[in-house]
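Novice: Reading the first sequence from the start, the letters are residues 21 to 507 in this note's numbering. The C-beta atom is built at its ideal place from N, Cα and C for all residues, glycine as well. Note that the structure is a prediction, hence the values are computed from the model and not measured. Submitted below is the structure of interest, expressed as structure tokens.
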Amino acid sequence: MANTAPDPPAVVWFRQDLRVADNPALAAAAASGRPLLPLYILDDDSAGEWAPGGAARWWLHHSLAALAGRLAGLGVPLVLRTGVATQVVPRLVDEAGARSVFWNRRVEPFASAQDAAIAARLRARAVTVETFNAALLHEPERLRPKGGGEYFKVFTPFWKACLRLPPPEPPAPAPRPLRAPARASAGEALESWRLLPATPERAAGFEALWQPGEAGARLRLEAVLADGLENYAAGRDRPDQAATSRLSPHLHWGEIGPRQVWHAVEAWAQQGKRDGRTKAAEAFLRQLAWREFSHHLLVHFPDLPWRNFRAEFDALAWRNDGRHLAAWQRGRTGYPLVDAGMRELWATGWMHNRVRMIAASFLVKHLLIDWRAGARWFWDTLVDADLANNSASWQWVAGSGADAAPYFRIFNPVLQGERFDAKGRYVRRWVPELRALPERFVHKPWAAPAAVLRQAGVALGETYPRPIVDHAAARARALHAFKAMRG
DNA sequence: TTTTGAGTTGTTCGA
DNA sequence: GTCGAACAACTCAAA
């Protein structure tokens with residue numbers, strides 16, 4: 021039997037919803053009139069191999085610090101606990117004599133299994149459990165194909181179905197006032213979790229670029245609307261421009277919700293009343309819909325992180341050369357655009373969207389390395405690592421996914437560089453050893469005459485690697501392997 | 001039930 | 001240099 025407190029608190033369990041505005045679990049807990057006991061659990065065991073990776077832990081540290089500060093300001097200190105959530109939540113409920121628990125749902129298979137187990141355990145003790153959707157524009161079960169299919173496997177019909185639904189609820193502001201329990205619950209110190217990299221210089225590039233937390237997310241969104249979105253449709257493919265929103269890590273950690281983004285973008289499009297704005301808003305929301313689609317897929321195909329969505333890919337003869345994998349991870353493939361992307365990833369915890377596709381395609385097709393090895397590396401190095409997005413996107417590139425790229429679509433990293441980074445600015449920024457090469461050769465240093473290389477201070481095979489595979493040969497090999505798989 | 005139309009992001013080759 | 005075709009049919013979704 022749980023303790024009976026005179027004024028039993030409501031536990032608000034924060035997970036990937038590290039914000040106080042547009043947070044339905046927090047809002048409902050506040051509306052219940054109970055004192056609030058906000059909780060965050062570091063539960064690596066339950067997540068297993070998909071516990072947050074190195075870059076994500078850096079983000080989590082700062083995001084939790086921001087959330088704790090915000091909640092403290094509102095008068096309800098955040099309690100940090102370590103352990104398996106199925107045990108930690110009921111234990112805290114007992115300790116504090118809580119009679120109700122609120123949280124926002126997640127779509128990861130281990131997380132939703134855990135939700136069910138905890139809810140059952142709490143309800144068995146007559147504790148009220150209420151869960152909410154904070155991470156998606158629409159509840160996954162509201163989206164079903166008309167023909168009776170279980171879920172959507174093609175993006176465009178999915179997106180059209182989203183647009184047919186009533187627009188997502190307008191986001192609510194942070195609830196207040198909030199009341200703290202009479203007796204504080206003990207928590208752990210954030211520093212004791214050691215989420216930050218062991219060597220501070222590892223995070224220097226992260227700190228220069230990002231401001232984790234709800235306020236940082238808000239600033240990003242405002243910056244995008246103020247000076248980025250007009251040019252979004254045209255500029256988003258250009259890694260040498262800052263035309264993408266960089267909202268992905270904020271969305272992953274729930275520092276901002278998709279509903280907030282949706283309504284802000286719609287309002288922005290209304291304001292201008294110019295045609296360009298409508299177009300830009302559509303192009304942008306379409307990207308948000310890809311995030312939504314990935315989550316939809318993971319909900320209905322929970323093996324997405326492990327198993328080929330299209331089973332015939334199980335027969336693909338991967339080469340999985342360990343030295344090639346290492347060269348790719350370190351940005352030393354000899355293809356400047358691929359290497360620039362991989363180094364941007366390592367330095368900043370993020371990679372431009374188009375470059376992600378090219379670098380991923382290179383791993384899967386040019387090197388014939390299993391997409392799961394790439395997904396694993398991204399998981400450890402991205403600050404926005406998200407199980408739904410990462411798994412769905414890797415499977416998309418590999419061709420094994422839903423509505424995926426056809427197997428014969430093999431990006432040519434030289435052509436892509438010349439098209440989307442024409443001046444080579446992006447490559448020069450991240451591959452400084454090629455900085456002095458003329459435009460003509462910056463995406464293919466091996467084609468430069470010896471004198472040009474010498475003048476630019478490039479010694480192929482010494483200061484910068486020769487290509488680890490020949491494009492034409494690797495392309496032919498990939499086409500052959502994929503054709504053989506289709507058998 | 002059957003039919004019809006559509007499907008994120010490319011590359012290469014030959015005329 | 002530019003343009004269309006081939007790459008490969010297949011599955012999904014909706015009417």
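Let me check understanding here. Comparing Cα to Cα, which of His315, Ala30, Arg90 and Ser132 lies closest to Ser413?
Specialist: It is His315 whose Cα lies nearest to the Cα of Ser413.
Novice: Thinking C-alpha only, which one of Ala75, Arg474, Asp490 and Gly437 is nearest Asp260?
Specialist: Minimum Cα distance to Asp260 is reached at Gly437.
Novice: Expressed to the nearest angstrom, what Euclidean distance is found between the alpha-carbon atoms of Glu332 and Leu499?
Specialist: Cα to Cα, Glu332 sits roughly 15 angstroms from Leu499.
Novice: May I ask which residues mark the beginning and end of the alpha helix (DSSP H) holding Phe122?
Specialist: Taken as a continuous stretch (DSSP letters only), Phe122 belongs to no alpha helix (DSSP H), being part of the beta strand (DSSP E) at Ser120 to Asn124.
Novice: Exposed or buried, what is Ala470 when buried is set at 16 or more other beta-carbons lying within 10 Å of its beta-carbon?
Specialist: Exposed is the call here.
Novice: By how many angstroms is the C-alpha of Leu59 removed from the C-alpha of Asp37?
Specialist: The alpha-carbon atoms of Asp37 and Leu59 are separated by roughly 12 angstroms.
Novice: Can you look up Tyr171 in the DSSP assignment and give me helix, strand or coil?
Specialist: Tyr171: coil per DSSP, three-state reduction.
Novice: How many whole angstroms separate the CB atoms of Phe502 and Leu336, which I take to be in contact at a CB cut-off of 8 angstroms?
Specialist: Confirmed, Cβ separation roughly 7 angstroms.
Novice: Looking at Val403: is its Cβ nearer than 8 angstroms to the Cβ of Trp370?
Specialist: Yes. Within cutoff.
Novice: Assign Asp42 to one of two classes, buried (16 or more other C-beta atoms within 10 Å of its C-beta) or exposed (fewer than that).
Specialist: With 16 or more Cβ atoms within 10 Å of its Cβ, Asp42 is classed as buried.
Novice: Over the uninterrupted beta strand (DSSP E) stretch that includes Thr102, give me the two end residues.
Specialist: Taken as a continuous stretch (DSSP letters only), the beta strand (DSSP E) holding Thr102 covers Val99 to Thr102.
Novice: Of all the beta strand (DSSP E) runs that stay within the bounds of the stretch 125 to 202, which reach a length of 3 or more residues?
Specialist: Those beta strand (DSSP E) runs which fall completely within the stretch 125 to 202 and span 3+ residues are 148 to 152.
Novice: If we ignore side chains and look at the alpha-carbon of each, how far apart do Ser212 and Pro201 end up?
Specialist: Whole-angstrom Cα-Cα distance: 25 angstroms.
Novice: If you draw a straight line from the alpha carbon of Met21 to that of Pro110, how long is it in whole angstroms?
Specialist: Low local confidence applies: a pLDDT of 45 at Met21 is under 50, so the model's placement there is unreliable, with the coordinate-based value given in what follows. The straight-line gap from Cα to Cα measures roughly 12 angstroms.
Novice: Is Leu336 helix, strand or coil by DSSP?
Specialist: Of the three classes helix, strand and coil, the one that applies to Leu336 here is coil, per DSSP.
Novice: By alpha-carbon positions, which one of Val451, Cys182, Trp416 and Val281 ends up nearest to Pro325?
Specialist: Among Val451, Cys182, Trp416 and Val281, the Cα nearest to that of Pro325 is on Trp416.
Novice: Check this for me: beta carbons of Arg141 and Thr102, under 8 angstroms apart or not?
Specialist: No, these two residues do not count as a Cβ contact at 8 angstroms.
Novice: Helix, strand or coil: which one does DSSP assign to Ala360?
Specialist: Three-state DSSP puts Ala360 in a helix.
Novice: Kindly give me the distance between the Cβ atoms of Leu357 and His463, rounded to whole angstroms, as I take these residues to be in contact under 8 angstroms.
Specialist: Indeed they touch by this definition, with Cβ atoms about 6 angstroms apart.
Novice: Taking 8 angstroms as the threshold (C-beta atoms), are Leu57 and Pro26 in contact?
Specialist: Cβ atoms of Pro26 and Leu57: not closer than 8 angstroms.
Novice: Can you tell me where the beta strand (DSSP E) with Val34 in it begins and where it stops?
Specialist: The sequence shown places Phe at residue 34, not Val. Phe34 -> beta strand (DSSP E) spans Ala30 to Phe34.
Novice: Under 6 angstroms Cβ to Cβ from Pro232, same chain only, skipping five residues before and after it: list those, please.
Specialist: Contacts found: Trp79, His82 and Ser83.
Novice: Helix, strand or coil for Leu84, going by three-state DSSP, please let me know.
Specialist: Correct three-state label for Leu84: helix.
Novice: Taking C-beta to C-beta, are Glu275 and Ala223 nearer than 8 angstroms?
Specialist: No, the pair does not count as a contact, with Cβ atoms beyond the cut-off.
Novice: Which runs of the alpha helix (DSSP H) spanning at least 4 residues fall entirely within the stretch 399 to 477, listed in chain order?
Specialist: Within the stretch 399 to 477, the complete alpha helix (DSSP H) runs of at least 4 residues are 407 to 418, 433 to 440, 445 to 450, 459 to 462 and 470 to 475.
Novice: Are the CB atoms of Thr401 and Ala75 within a distance shorter than 8 angstroms?
Specialist: Closer than 8 angstroms, so yes.
Novice: Going by Cα to Cα distance, which pick from Asp65, Arg396 and Asn373 is closest to Ala346?
Specialist: Comparing Cα-Cα distances from Ala346 to each of Asp65, Arg396 and Asn373, the minimum goes to Arg396.
Novice: Quick check: what's the CA-CA separation for Thr151 versus Ile61?
Specialist: Approximately 17 angstroms between the Cα atoms of the pair.
Novice: Let's test the definition: count the other Cβ atoms within 10 Å of the Cβ of Pro452 and tell me whether it reaches 16, buried, or not, exposed.
Specialist: Per the 10 Å Cβ criterion, exposed.
Novice: According to the Cβ coordinates, are Ala301 and Glu286 closer than 8 angstroms?
Specialist: Taking 8 angstroms as the Cβ cut-off, Ala301 and Glu286 qualify as a contacting pair.
Novice: Considering only the alpha carbon of each residue, which of Phe175, Leu112 and Pro55 lies closest to Leu91?
Specialist: Residue Pro55 is the option with its Cα nearest to Leu91.
Novice: Bridge partners of Leu480, per DSSP?
Specialist: According to DSSP, which records beta bridges pairwise, Leu480 is partnered with Tyr484.
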